[in-house]
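Working notes, beginning with the structure itself.
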Amino acid sequence: MTERIIEARPNSPERREINPALKFALELGPLLVFFFANYRGPWLAGHFPALASLGGPIFVATALFMAATVAALAASWALTRTLPIMPLVSGLFVVVFGGLTLWLQNDVFIKMKPTIVNGIFAAILLGGLFLFNRPLLGYVFDQAFKLDDAGWRKLTLRWGVFFVVLAILNEVIWRNFSESFWVSFKVWGTMPITMAFMLFQVPLLKRHAIEEGSRDRQD
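Following this line, the structure appears as structure tokens:
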């Protein structure tokens, strides 16, 4: 049997389970590395001279963000022998835009990355829903929630719109506020907003939850 590289479709019996808390840690970890490295950039450069050659704190943080992102994807692969779609897409943009940031010594690339990634996620979710009638969000949350098809469609629509809001918000923040404020907001602003948004989806999750034994009947 050929090994699957990308995670299986939502509600598929081929999906390999991973602890939701561990999955969340793998996705949040690189952001925390980015925040810490930007905040403690001079200290890191002083203790690790190789980092000093990268430039200021934002460039040190970018390099470590790239490394942490690749490490998180490698850990996902080691645990499940598959790669999660959304973190994979985001990781590719982190590597590309992070590489451009370091090569050209221009932090605009890494600052625009969330706008472009959120915009692409919105296009993927909304495009998949309206053009192909496929609720693609199930690929992200199927490890944590078991929903019927109607539930995945509604949740996909809401997340698609939410990603549009995040893209606009990132543009407003990085273009109008300081670099340190943008970095802080990227971790301590975006994550609480996202968590609050997720809490508002709890009623929908309860209404459309399915039993574990029924998941193999869902396409």
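Numbering (full-length UniProt numbering), first residue to last: 1 to 219. The C-beta atom is built at its ideal place from N, Cα and C for all residues, glycine as well.
Put simply, of A122, P192, F59 the residue whose alpha carbon is nearest the alpha carbon of G99 is F59. Nearest C-alpha to V94 among H47, P203, I116, L104: I116. By the C-beta criterion, the stretch 67–79 is judged to be in contact with the stretch 19–27, since at least 3 inter-stretch pairs fall below 8 angstroms. Under the DSSP assignment, T101 falls in the alpha helix (DSSP H) whose first and last residues are 85–104. Rounded to the nearest angstrom, the Cβ distance from L44 to A37 is 6 angstroms, consistent with a contact under 8 angstroms. For the pair of segments examined, the stretch 123–131 was found to touch the stretch 151–161: the number of CB pairs separated by less than 8 angstroms reaches three. For L32, the CB contacts under 7 angstroms within the same chain, skipping 5 residues up- and downstream, are V187 in chain order. Counting of Cβ neighbours within 10 angstroms places M66 among the buried residues, the total reaching 16 or more.
In this structure F162 is buried. Its beta-carbon is surrounded by 16 or more other beta-carbon atoms within 10 angstroms.
For A45, DSSP records no beta bridge to any residue.
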